[in-house]
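Here the structure comes first, spelled out in structure tokens, and everything after it is commentary.
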Amino acid sequence: KDPMAFFEQLDTMEPGEQSRSLRMIKSFIDLQEEAGGNIDFKGCVRIAFNRMMKDFRNSILDLCHSADEMEKSSGKKFWTGTKRRPRPIDWNDPIPELMEYLYSTSNLYASIWQVEVVRSREEFQKIVDEMKLEQHQWEPSNEKVDLSEGDNEDGESGAAGEDDEKLKGDLYKVDASKLQPAKPQEFEKDDDLNFHIDFLTVATNLRSWNYDIKASARHTVKVTAGRIIPALATTTAMVCGLVDIEFCKLVMGLQSQGSEKFLNSNINLAAGSGNFTTFAPDPPVPISTGLEAPHPETFTSWDKIEISRKTKEMSVEELVNYVEKSFGVTVDRIFLHGDTEDKAIYNALDKKKLEWDITFDENGKATVSDGVFTQWPQVRMAVQMLGRLPPTSGQRIVFKTQVEKVKVSLDQTKDSFMKRFTGDVSRAYREVYRPSEEGEKQDYFDSVFTGRDYITLGVDCHTGSKDDITLPCVKYLFSHKN
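Position 409 (the sequence shown) corresponds to 507 in this note's numbering; numbering is contiguous.
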């Protein structure tokens, strides 16, 4: 839907991930072109069949061929020790897993392309029979097969990197408005109707069949894929009870009598000894701020910076100024305390974008701030071409349009930043951290946000002499507006 946003996201990825993303998107576009721009369920079956042939037949035959060639050239046996020579699937002599793979994978692709799924096995079998799918004659691939052991992902990324720029160029020319919308599928192990565990199970077992490994049961795959760690009910109940006792002490106000009223508890059920130990917690560990007097030099995890704005809220700009003046620092980011994602209600890097600019002179030559290229590197070539092409060249309009699109994006980025920067802190927090998709996560956020009169914030900052300054959690109190 937004090619510019896609390329921006692409530039933040690692080289290997970027290469895989480019090829995945390119393959999806190629599939649409092959289908004439409209993918139906039979198209999904065709895609699933080709995927099956590539992953479980052609790749296996390529591997065996390359290993045989290496044995001939080196005189050394390749399939020795723990290395098993795999066997390819054969559509002409099918095993039950092949139809199962087609069924689950076709319906997964149908979900992606928003085509009505076919749950009836009889109807699906009829569709497959009508299509008369044929297995192509295998021929050795021109691509080199990596026979080295271990994870060689970095090497693959380096080799594939030569073609990545060409792929970017091809994708940049694609008119997204002519593409059939695709819907990403979020993995959910507990929905038995979404074909996710079905696909994982049959794909796992087909690879196991390739190498003559024992097949896995569906529930085993579900546990592994979902990373389910079975919890002992008695331990869970006991821990929750002990935690609730300490919470009760807080409700009773015992924190005013000192930390010795609160206890840590330890019980080892595995030992079977029945020993149950309670002990007072260690004194809080002092954390260095990196600041010098008169500013606080240490704090503990129990300390916090409390800012109360019950009558009139602070703007994000005022909050930044308050922290900088109070502690003699330069604020880099303000974010949800404890959050590890790259989200923030304030980021100094975004503020620097206000200084960026894109202008055109009377000859149509573009002048672009250097910072723009760090955010939109793909526009560099367009700027260079505008400087090289003569004013009469018909190609100038293409490159000028690209630069103008980036200028629009830059202006929107500036407007968005200023709106948040000059707006209330609580509103900025809600805009950044409220889940975008409707459902349980959004409802939970709303209930917590409206039920509390405070938010907790973390601050990344520095001084002129030190790169990293550590400040306590900021507890920002405010009143909800009706």
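All C-beta atoms, glycine included, are put in the ideal place defined by N, C-alpha and C.
Nearest to residue i (by Cα), restricted to the options the options
{"i": "Thr-511", "options": "Glu-453, Pro-192 and Gln-540", "result": "Glu-453"}
{"i": "Phe-42", "options": "Pro-533, Pro-570, Asn-136 and Pro-475", "result": "Any property of residue 42 remains undetermined from this structure, which presents the chain solely from 99 to 580."}
{"i": "Asp-160", "options": "Glu-241, Ser-171 and Asn-190", "result": "Glu-241"}
{"i": "Lys-276", "options": "Glu-404, Ala-313, Arg-183 and Gln-130", "result": "Gln-130"}
{"i": "Leu-447", "options": "Leu-434, Glu-439 and Val-429", "result": "Val-429"}
{"i": "Leu-231", "options": "Arg-185, Asp-244, Ser-534 and Ala-146", "result": "Ala-146"}
{"i": "Pro-392", "options": "Val-418, Asn-373, Lys-423 and Asn-419", "result": "Lys-423"}
{"i": "Val-319", "options": "Arg-518, Thr-334, Asn-303 and Thr-333", "result": "Asn-303"}
{"i": "Tyr-270", "options": "Pro-184, Trp-474, Val-226 and Glu-198", "result": "Trp-474"}
{"i": "Phe-345", "options": "Pro-382, Phe-360 and Gln-355", "result": "Phe-360"}
{"i": "Gln-278", "options": "Arg-121, Ala-133 and Glu-529", "result": "Ala-133"}
{"i": "Glu-228", "options": "Gln-235, His-234 and Glu-220", "result": "Glu-220"}
{"i": "Trp-189", "options": "Gly-179, Val-321, Phe-154 and Ser-204", "result": "Phe-154"}
Rounded straight-line distance, which links the Cα of residue j to that of residue i
{"i": "Val-337", "j": "Ile-365", "result": "9 Å"}
{"i": "Leu-484", "j": "Asp-459", "result": "11 Å"}
{"i": "Glu-214", "j": "Gly-141", "result": "12 Å"}
{"i": "Asn-148", "j": "Lys-564", "result": "57 Å"}
{"i": "Gln-212", "j": "Ile-127", "result": "15 Å"}
{"i": "Glu-395", "j": "Ser-386", "result": "6 Å"}
{"i": "Leu-555", "j": "Leu-434", "result": "5 Å"}
{"i": "Ile-343", "j": "Ser-357", "result": "14 Å"}
{"i": "Arg-550", "j": "Ser-577", "result": "9 Å"}
{"i": "Pro-328", "j": "Gly-537", "result": "Note that Pro-328 scores 49 on pLDDT, short of 50, meaning its location in the model is unreliable; the coordinates nonetheless yield the value given after this. Spanning the two alpha carbons is a distance of roughly 27 Å."}
{"i": "Glu-416", "j": "Met-350", "result": "37 Å"}
{"i": "Gly-114", "j": "Leu-108", "result": "11 Å"}
{"i": "Ile-158", "j": "Gln-223", "result": "26 Å"}
{"i": "Lys-410", "j": "Val-496", "result": "50 Å"}
{"i": "Ile-456", "j": "Thr-499", "result": "13 Å"}
{"i": "Gln-283", "j": "Leu-348", "result": "43 Å"}
{"i": "Gln-540", "j": "Phe-285", "result": "18 Å"}
{"i": "Trp-236", "j": "Ser-204", "result": "23 Å"}
Beta-carbon contacts of residue i that lie in its chain and below 6 Å, excluding the five residues immediately before and after
{"i": "Leu-206", "result": "Phe-293 and Phe-297"}
{"i": "Ala-464", "result": "Phe-458, Val-481, Leu-484 and Val-501"}
{"i": "Phe-105", "result": "Gln-476"}
{"i": "Arg-407", "result": "Phe-576"}
{"i": "Pro-379", "result": "Asn-362"}
{"i": "Tyr-531", "result": "Leu-434"}
Close Cβ partners of residue i (< 7 Å) along its chain, the five nearest in sequence each way excluded
{"i": "Ile-553", "result": "Ser-524, Tyr-527 and Tyr-574"}
{"i": "Ser-202", "result": "Phe-293, Asp-296, Phe-297 and Val-300"}
{"i": "Thr-110", "result": "none"}
Distance cut-off 7 Å: residue i Cβ against heavy atoms of the ligand SAH
{"i": "Ile-123", "result": "As far as ligands go, the structure on display features none, and thus does not contain the ligand SAH."}
C-beta atoms of residue i and residue j nearer than 8 Å
{"i": "Arg-431", "j": "Asp-558", "result": "yes"}
{"i": "Ile-567", "j": "Gly-388", "result": "yes"}
{"i": "Val-477", "j": "Tyr-444", "result": "no"}
{"i": "Lys-175", "j": "Glu-167", "result": "no"}
{"i": "Asn-362", "j": "Phe-374", "result": "no"}
{"i": "Pro-489", "j": "Gly-521", "result": "no"}
{"i": "Gln-353", "j": "Asp-262", "result": "no"}
{"i": "Lys-441", "j": "Phe-515", "result": "no"}
{"i": "Arg-427", "j": "Thr-561", "result": "The sequence as given places Val at residue 427; Arg does not occur at that position. In this structure, Thr-561 lies closer than 8 Å to Val-427 by Cβ."}
Cβ shell of residue i (< 8 Å), same chain only, five flanking positions each side left out
{"i": "Ala-208", "result": "Phe-139, Cys-142, Glu-214, Val-215 and Val-216"}
{"i": "Ile-193", "result": "Ile-187 and Trp-307"}
Presumed contact (8 Å Cβ cut-off) between residue i and residue j, rounded CB distance
{"i": "Lys-287", "j": "Ala-323", "result": "6 Å"}
{"i": "Leu-585", "j": "Lys-449", "result": "Lying before the first or after the last residue shown, residue 585 is absent from the chain, which here runs from 99 to 580."}
{"i": "Leu-245", "j": "Ala-315", "result": "Contact flag wrong, Cβ pair sits at about 32 Å."}
{"i": "Ile-225", "j": "Lys-281", "result": "Contact flag wrong, Cβ pair sits at about 22 Å."}
{"i": "Phe-543", "j": "Pro-533", "result": "6 Å"}
{"i": "Val-470", "j": "Val-504", "result": "7 Å"}
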